[in-house]
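Everything on this sheet refers to the single structure shown next.
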């Protein structure tokens, strides 16, 4: 028993319904919690919506009551795997987009009655995490990892992991993610580590993993090979200085150097063009195109290497572009992937001249460059070539510079012994699955990308030279006579296998595990196999239960394709049957959010708000960490001052989620416009106020829990507005359900928002105010309809806006005849079949015309400044909806039109009129009348006459001129703005995007000038009328 004011109320814990009692003060109602939640507490609807006050409260409630746990077994549930975030920092808006999409699907499926298992995860993030912790210990302890020692360093890694995991999980909760936290996976926990080891050994035993020396992407700063996805490419158009870690001064890029090679036993020379003179120490040949007549006489001759003091051949190969530079190139196979291919084809030797530290190794008999840093050696070699008169100059050259995304270091290509996975057959299988539609990819355009990647796949380099990660389960076994590798899960197993292989005791066998770790993507790609954790054999699966894979398109190959390839190879089954890809988060101008650009907006700032100083401090930190250039920093500061002069106001999780879903999220870019997000916070407040109004109506009309609303379900006593709003809602239910079935979130959100703002709040609630004020017998109808619309609308909105809809659902008055559940998440999603009987297409069509008419009337009152005069409106009409317009609801229609009354007339006196276009489809005919003003509108089959009953005297000529002046000023303002935009674009180059904008602006400018001509014509007509 609980007391509210002076009244006593009871909560029946069996059926969780309020017993009959006295009148309820619905400003405060009690939650119907399950028995184990202690204590129950009330929901008070504050005067306005404040997201921070309600969000944490409701997530705790959901979590305590286990609403996010599946109700059936793994294989019987709808299963979603959350792409595990890296433990490198906090979540960004890209993570929030993925979270929102998956959560919308999960919540909708639960409300449809399905058992849902949404699995969270955390990725150990290999290189990225190790680099982050190395920076941390350097800053805090002034130590590098070698000085700290491997054991202590790994302790710091796990401390870092615990801290970041806690932050990431809290961020996901703040966003309302309905994850089953009991299923949380970490890619280096014991179960997953065991799976990784077994999978590697399985693939090795199948002959798919092998070891070879090959060219790899090498980061000299962190001393490991890296994947292609960890490389950023800097576009350089001409000579440009770039800061490289370990160098005091910036290094020149964007230059082509011309170097002369003397032909042996001749006075001739060949000039080669190269961007990397420092690697010439490893040149093994000079290549020309076989059909290039300039060099045909040199093919198969020898050139003299000036530093190694030896001969190198001149070869012919089709790979050479005779139009590029001099048409001759040097071949350095140990430091160029293209050159490596040429060397393999022509059986040329390999010479490494740059070591893992990025320094020059001793080459031949000339050691003058040994030990120099590679880019210092560049300048030293150029100077020496000048002394030898072999340097022929340099010139600007556009190029792409590969940079390690983790360290900022320029990538070096080195020959290294690594473990590789043969992907040819795996890729062919994955490609066939998509082409046969056994595996669906949405949107369809990514099928082409899938085909392109898998048709040209390279073997996967699995080795990483790190301390943090899964140690490769390969053991090097060595005896006096033999040397070989053994796959094993432990040194004991390796020793046993080695003894079996050698067929002798292992006393003299030296066994050492490979010190490298596996690529992070290898362990991530095995996550689908870890879902059925109770399975003793992870590869003996009839089905992997993931229902849909939702993620960004940027990791389609690096993660999604590899999950498919490994799952199929190891288990023979697909990890999932549908892939749903979304675009990448960009700013409001379509530019990808990046710290280097300075346009990143943190999710926490959108949720809770921040000051302009907070934004500037973030940019300053990025500048200090050299994540942004000084030029970009200054540009970003100015943009922040323009966009957020007062900081970022609090929007809350619901507004952020909704704003992301209103976009076409399957496009390549998802533009995040903060103004739209704040607009959706206002939308939250709008539906909040509609609930406040509903509670007020319930109280004002003296409705109690004893009232029975069952009689109203079929709509027998409803008014035109009641039937219309129910019909509109029936249509929305149908469209939203269809859209969610097809994962078309932008359509669903648009329909829900349009219904609440325009139909329910803009029309229906306004139509009830006259009835409520007069407290007529129709109040009961209104309360029923409002309750049904609000409750159904909240359910439709709940997957997108879980917090505010939960709060408003709990605040709804408990009226007899309406079921009430512990949480909106436990309710059934509105059924189109159930609502179809309320749809009335004819009524909707009639109301659409009437509402359009009323909107036109309001616009004319505004334009002609008659809003305060409360005029009468006379309508000449011959339509099938006259009965609606001039029937029982006539007073309400008049109120919606902001006029005194709407009266039907049979004829009009037909005076001459002045025609003036108000907007598309609406033409006003204005006539001058002595002693007053008549306004006529011809709209479709309507003729409307707005007159002033008080015979208000106005100077009509002055009124017309004022109106025209207002139009003219507006058009001129738009014209000037367009001219300014065109001038600005002339200085921004002529890329395709700029060209498109210029065309759009020019077309708009022509349109504006056309409007000015129309205004001049109207002025002439008015002058003639005056005369």
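Residue numbers (our numbering): -11 to 1015.
Even for Gly, the Cβ is constructed at its ideal location relative to N, Cα and C.
Predicted model, so just to flag it, every value in this text is computed and none were measured.
- Contact between residue 143 and residue 125 fails: their C-beta atoms lie close to 11 angstroms from each other, not under 8 angstroms.
- Measuring C-alpha to C-alpha distances from residue 344 to each of 323, 330, 355 and 331 identifies 323 as the nearest.
- Between the region 782 to 792 and the region 33 to 43, the count of Cβ pairs shorter than 8 angstroms is three or higher; the stretches touch.
- The continuous alpha helix (DSSP H) containing residue 136 extends over residues 133 to 136.
- The continuous alpha helix (DSSP H) containing residue 680 extends over residues 662 to 688.
- Apart from the 5 residues on each side of it in sequence, residue 293 sits with its Cβ closer than 6 angstroms to the Cβ of 300 in its chain, given in chain order.
- Here residue 403 really is in contact with residue 202; their C-beta atoms are around 7 angstroms apart, less than 8 angstroms.
- Here DSSP, grouped into helix, strand and coil, assigns residue 243 to strand.
- Here the alpha carbon of residue 527 sits roughly 11 angstroms from the alpha carbon of residue 554.
- The beta-bridge partner set that DSSP reports for residue 199 consists of 407.
- The Cβ neighbour count for residue 198, taken over all protein chains shown within 10 Å, is under 16; the residue is labelled exposed.
- When DSSP reads this structure, residue 104 sits in a beta bridge with 66.
- Beta-bridge annotation (DSSP): residue 301 is paired with 290.
- Taking the CA atoms as reference points, residue 482 sits about 14 angstroms from residue 496.
- DSSP lists 247 as the bridge partner or partners of residue 260.
- Cα atoms of residue 141 and residue 73: separation of roughly 22 angstroms, rounded to the nearest angstrom.
- Bridge partners of residue 540 according to DSSP: 570.
- Three or more pairs of CB atoms, one per stretch, sit closer than 8 angstroms, so the region 524 to 544 contacts the region 559 to 570.
- Residue range 39 to 52 is occupied by the alpha helix (DSSP H) that includes residue 49.
- For residue 500, the enclosing beta strand (DSSP E) begins and ends at 498 to 501.
- In the displayed model, residue 380 falls within a strand according to three-state DSSP.
- Of the residues assessed, residue 752 falls on the buried side of the cut-off, its CB having 16 or more other CB atoms within 10 angstroms.
- In the three-state scheme derived from DSSP, where H, G and I count as helix and E and B as strand, residue 732 is classed as coil.
- DSSP, reduced to helix, strand and coil, places residue 545 within a helical segment of the structure shown.
- Annotation: residue 248 to residue 295 spans about 13 angstroms, alpha carbon to alpha carbon.
- Counting every other CB atom within 10 Å of its CB across the protein chains shown gives residue 811 a total of 16 or more, marking it as buried.
- DSSP places residue 465 in the uninterrupted beta strand (DSSP E) bounded by 462 to 466.
- A check of alpha carbon separations from residue 253 across 298, 240, 242 and 236 identifies 298 as the nearest.
- Per the Cβ contact rule, the region 226 to 246 is in contact with the region 254 to 273 (3 or more Cβ pairs under 8 angstroms).
- By the neighbour-count definition (other C-beta atoms within 10 Å, threshold 16), residue 530 is an exposed residue.
- Inclusion of residue 644 and residue 594 in the CB contact set at 7 angstroms is warranted, their separation being smaller than that value.
- Contact between the region 91 to 99 and the region 586 to 593 is not established, with fewer than three Cβ pairs separated by less than 8 angstroms.
- Counting the other Cβ atoms within 10 Å of the Cβ of residue 455 gives 16 or more, which makes it buried.
- With a 10 Å radius around the Cβ and a threshold of 16 neighbouring Cβ atoms, residue 113 comes out buried.
- Its Cα nearest to that of residue 318, the residue 302 stands out among 302, 310 and 311.
- For the options 846, 428 and 649, the alpha carbon positioned closest to that of residue 728 is the one of 649.
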